[in-house]
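Sequence positions in the sequence shown follow the working numbering and run 1 to 704.
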Amino acid sequence: MVGEVELPKPKMKVKQKLHQAIDLLYCHGPASFDDYTRLVLHCARANDFIQAKRLQSHMELYLFQPKDSFIHNQLLHLYAKFGKLSDAQNLFDNMTKRDVYSWNALLSAYAKMGMVENLHVVFDQMPYRDSVSYNTLIASFTSNGHSGKALKVLVRMQEDGFQPTQYSYVNALQACSQLLDLRHGKQIHGRIVVADLRENTFVSNAVTDMYAKCGYMDRARWLFDGMINKNVVSWNLMISGYVKMGNPDECIHLFNEMQLSGLKPDLVTISNVLNAYFQCGKLDDARKIFCELPKKDEVCWTIMIVGYGQNGREEDALMLFGDMLRRNVKPDSYTISSVVSSCAKLASLHHGQVVHGKVIVMGVDSNMLVSSALVDMYCKCGVTLDAWVIFETMPIQNVITWNAMIMGYAQNGQVLEALTLYENMQQQKIKPDKITFMGVLSACINAGMVKEAQKYFYSISEQGMTPTLDHYACMVTLLGWSGSIDKAVDLIQGMPLEPNSHIWSTLLSVCSKSDLKSAELAASHLFELDPHNAGPYIMLSNLYAACGRWKDVAVVRSLMKENNAKKFAAYSWVEVENEVHRFVSNDHSHPEVGKIYGELNKLILILQQIGYNPDTNIVLHNVGEEEKVRSISYHSEKLALAFVLVRKPNGVAPIRIIKNIRVCDDCHVFMKFASITIARPIIMRDSNRFHHFFGGKCSCKDNW
Ligand SMILES: [Zn+2]
Ligand SMILES: [Zn+2]
C-alpha cells in the first residue's frame, strides 16, 4: 500500500503559464510576500521542480527573507517529493525559521531516497515532532525492509505520548507481514479494535492482509466476510492470498462473488485470477478473460505467456509473445526468460534466435535470468558453441548459469567440456548444488565413466548434500551399462531413501536378456508402484521375447491387459519454415502423407544397400519377419526425417528432431546410416540426451 507516489502529470498549459509567470518575475525585480506565496503554491500544484528552483533562486537573488517558514516549507516538500535530497538539505540549512513541517519535509526527503541510516540521525535532531514524523519513519523502515525498526518506532511513538494514526497502524501491520510476526500483528489488531478503527476500510484491509500473509487464511476470511465496506483492495488481497496458498478454486469462487457484488475488478484482480486459472490448468478460461480485457498491461501478458509455457503450451506462448510485441507492450526480463525457455522446450532454434535478437535490441542481454535461459536454450537446440559464447561474455555468472552450461555439454555428449567446466567452477569457488551433480553424472553416463562417476557421487555427501533419487538413478544406469547389474541392485537395496518408480524403471531399462532375474525384480516393483504404465510390461516382455520365452511374453501381456495399462504416446517433432510438425508412429494425419511415406521408403532402400539392416529384435510380437519390419519402419522420428527431406531436399543445415521418449535401437542405427547418405548432420534430442549423427557416427557413442 505504501509504494512510489505517482506524480500526476501536470497539464502542459499550466506548466507553460507558470514558466511565463516566473519569467515575468525575473523581468520585474524583487517581489512581494504575497507574490512569492502565490507562485510557490502554483509550483506545488503543478509539481514543477524546475520552476520551484528558479523561484528559490529569485528569492535568494533579492535577499528575500519570509516572515515565516510557509514558503520554504512548500519548496522543501516539493524537493522531497522529487527525491532532490541535496536541494532540500541546502534550503533547510539556510532557513532562519524552521518548524515541525520543515523537519518533516527534510525527513521525507531522506525517506524518499531510502537513506534509512540517516533517518534516525535527522529524527533525533528534531526539536519537535508530530505524528507525521513518526509515520514517515515507520513507513520508510517498512518499505526498505527494516520491519523490526518500524515496529520499534511504533512503540516509541506511544511512549512519547503520541496517539498512532491509521497510517501508523497500516504500515506497522505491513512490517508484521514482512516478518511473519503474528504476535505483534495481533497486538496491533487489538489496539485498532480499542481505537475503534474497525470500520475504516483502509485499516481493516491491512489487518486482513496481515493474517493472510502470515498464513492464517481462515482468520483473514472471517474478517473479510465481516467487513462492511469492502473495496477492490479488500477483494484483491483475499484473492491473491488464495492464489499464493495454492487454492485456485476458492480464488475463482471469490472472483465470481466480487462481480456479483457489483465491484469492477481491476488489473490486480485479473492477474491473480489468471494465475489461479493456470494453477488449476483451466487454460481456456484464462484465455477467455484475457481476450475480454479492454486494456491489458504487461503483467497480464506475462502471466499468460508464462502460464502457457508452464502448462506445456509453448507454441501458444510464442504466439502470444508475438502479439504482445506487435501491440508495443514492452516485455520485461521475466517475460523474455520465460519465452526463451519455451523455445528451449520446443528446441526451436529459429524462434530462439529471433528472441535473442530482441533481447539484444532491448538491452537486457546482461540480465542473469535472460542469459541463463539463453544458455539453456542454445544447449537444448544442440548448439553448445552459441551457448558458450553467451556464457563466456556474461559479466557475472551464478550457479544456475553454470548448471545450464554443464548440463548442456553433458546432454550434447561433450563430456570433457562438461567436466572441465565443473573443475573451473570449483576453482572459482562457486558452490555446486544438486543440479550441478546431475550434469556431472550425466556427462559420466555419456562417456561410460563409472570410476569417475563414483568419485563425483561420493563428493555430493562430502560437500554436505544428500544424494537425491535422481543421482542414484544415474549411478544405476552407469553400473548397469558397465555390466555390473548386481552392483546396481546392491546400490538400490542399500539406499537410505525408498526407491521410487524412476529408480526401478532405470534398473529395468539397463537389464539385458542375461539379467532376467534383476529385470523381474524391477518389473515386480513397477507393476505395484505404477500398474497402469505399459512401459515396464513391454520392456520385460521384450526381454522374454529376446530369450525366446514366448509363454512368459503371453503372461506379461495378459497382465498388462488385466491392469488396463496404457502406452505413453510417443511422438517426434521438427521445425520447418518456422512451423512445428508433430508425428506419431505410423502417422497418416499429415497433409503431405503420400510424399512423406514415398521419401521414407526410398531412403530405407538406399540405406539397406549400404548395410542398414532393420533390427527387428525390439519388436514384441511373435509375428512374421515382414510384419516386424513394417512395424518399426514408420517410427515417428523416421517420418519426421522424411518430412524434412521432402520439404528441404537440398538443405545443408543440421536437421533437428525432437522425440518425447528414448530413441529405439533401430532408429538410432537408421539415423547413423542416414547421416552418411544425406550428408547432413542430424541432431536428435530424445528424453534422455542429444544425439549428433554425422558421417555414420553418433556423439553418444551408442550409449544412451
Ligand atoms: Zn524407432
Ligand atoms: Zn546416439
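Even glycine gets a Cβ: it sits at the ideal position worked out from N, Cα and C.
Quick caveat: nothing in here was measured; it's all calculated off a predicted structure.
Closest Cα partner of residue i within the set the options
i: LYS380; options: GLY408, MET368, VAL399; result: GLY408
i: LEU374; options: PRO395, MET362, ILE336; result: ILE336
i: SER261; options: LEU237, VAL232, ASP285, THR436; result: VAL232
i: LYS149; options: SER131, SER204, LEU179, GLN166; result: LEU179
i: ASN275; options: HIS590, GLY246, GLN259, LEU641; result: GLY246
i: ILE678; options: ARG685, PHE690, ALA317, LYS648; result: LYS648
i: ILE655; options: VAL415, LYS434, LEU639, THR269; result: LEU639
i: ASN144; options: LEU119, SER133, GLN163; result: LEU119
i: LYS13; options: ALA31, ASP35, ASP48, PRO30; result: ASP48
i: LEU267; options: SER512, LYS295, ILE445, ARG326; result: LYS295
i: VAL203; options: ASN578, GLY215, GLY185; result: GLY185
i: LYS434; options: HIS471, ALA418, LEU18, SER442; result: HIS471
i: TYR216; options: SER177, LEU197, ASN200; result: SER177
i: GLY483; options: SER518, SER558, VAL155; result: SER518
Assigned exposure category for residue i - 16 Cβ within 10 Å defines buried
i: GLY548; result: exposed
i: GLY413; result: buried
i: PRO614; result: buried
i: HIS72; result: buried
i: ILE50; result: exposed
i: ASN688; result: buried
i: LEU749; result: Nothing can be reported for residue 749, as the shown portion of the chain is limited to 1 through 704.
i: ASP297; result: exposed
i: SER341; result: buried
i: GLY309; result: buried
i: CYS698; result: buried
i: TRP504; result: buried
i: PHE568; result: exposed
i: ARG45; result: exposed
i: PHE60; result: In the sequence as presented, Phe is not what sits at residue 60; that position holds Glu. GLU60 is exposed by the Cβ-count criterion.
i: CYS27; result: exposed
i: GLY695; result: exposed
i: TYR422; result: buried
i: THR705; result: Only positions 1 to 704 of the chain appear in the structure, and residue 705 is not among them; the question remains open.
i: ARG680; result: buried
Straight-line gap, residue i to residue j (C-alpha atoms, nearest Å)
i: LYS152; j: LEU173; result: 12 Å
i: GLY83; j: MET115; result: 11 Å
i: SER168; j: MET210; result: 14 Å
i: ILE610; j: LEU603; result: 11 Å
i: LEU55; j: PHE123; result: 28 Å
i: VAL370; j: GLN353; result: 13 Å
i: ARG183; j: PRO467; result: 39 Å
i: MET425; j: LYS288; result: 47 Å
i: VAL243; j: GLU250; result: 8 Å
i: GLU462; j: LYS487; result: 22 Å
i: VAL2; j: LYS330; result: Model confidence at VAL2 stands at a pLDDT of 36, short of 50, so the residue's coordinates are unreliable and nothing is read from them.
i: TYR134; j: LEU385; result: 58 Å
i: ARG129; j: GLY161; result: 11 Å
i: LEU526; j: CYS474; result: 18 Å
i: ARG326; j: TRP388; result: 31 Å
i: TRP222; j: THR142; result: 26 Å
i: ALA534; j: ASN563; result: 9 Å
i: THR506; j: ASN256; result: 47 Å
i: SER147; j: LYS213; result: 15 Å
i: LYS112; j: ASN500; result: 54 Å
Distance CB(residue i)-CB(residue j) smaller than 9 Å
i: ILE138; j: ASN104; result: no
i: PHE321; j: VAL355; result: yes
i: TYR101; j: SER140; result: no
i: ILE305; j: VAL273; result: no
i: ARG599; j: PHE643; result: As written in the sequence, residue 599 is Glu, which differs from the Arg given in the question. Yes; because the gap between Cβ atoms is below 9 Å, this pair is in contact.
i: PHE33; j: LYS67; result: yes
i: GLN74; j: LEU41; result: yes
i: VAL450; j: LEU416; result: no
i: LEU481; j: VAL440; result: One detail in the question is off: residue 481 reads as Trp in this sequence, not Leu. No, Cβ-Cβ distance for TRP481 and VAL440 is not below 9 Å.
i: ILE632; j: ASP666; result: yes
i: THR436; j: VAL399; result: yes
i: ARG685; j: GLY312; result: no
i: ILE682; j: LEU641; result: yes
i: SER93; j: SER69; result: The sequence shown places Asp at residue 93, not Ser. Not in contact: ASP93 and SER69 (Cβ atoms no closer than 9 Å).
i: TRP573; j: LEU237; result: no
i: ASP418; j: SER442; result: Looking at the sequence itself, residue 418 is Ala, so the reference to Asp does not match. Yes, these two residues count as a Cβ contact at 9 Å.
heavy atom of ligand 3 below 8 Å from residue i C-beta
i: ILE360; result: This structure simply doesn't include ligand 3; it includes ligand 1 and ligand 2 instead.
Review point. Around ligand 1, what residues have a beta-carbon under 5 Å from a heavy atom of it, in chain order?
Key: HIS635, CYS664, CYS667
Exercise for review: Anything with a beta carbon under 5 Å from a heavy atom of ligand 2 counts; list them all in chain order.
Suggested key: HIS691, CYS698, CYS700
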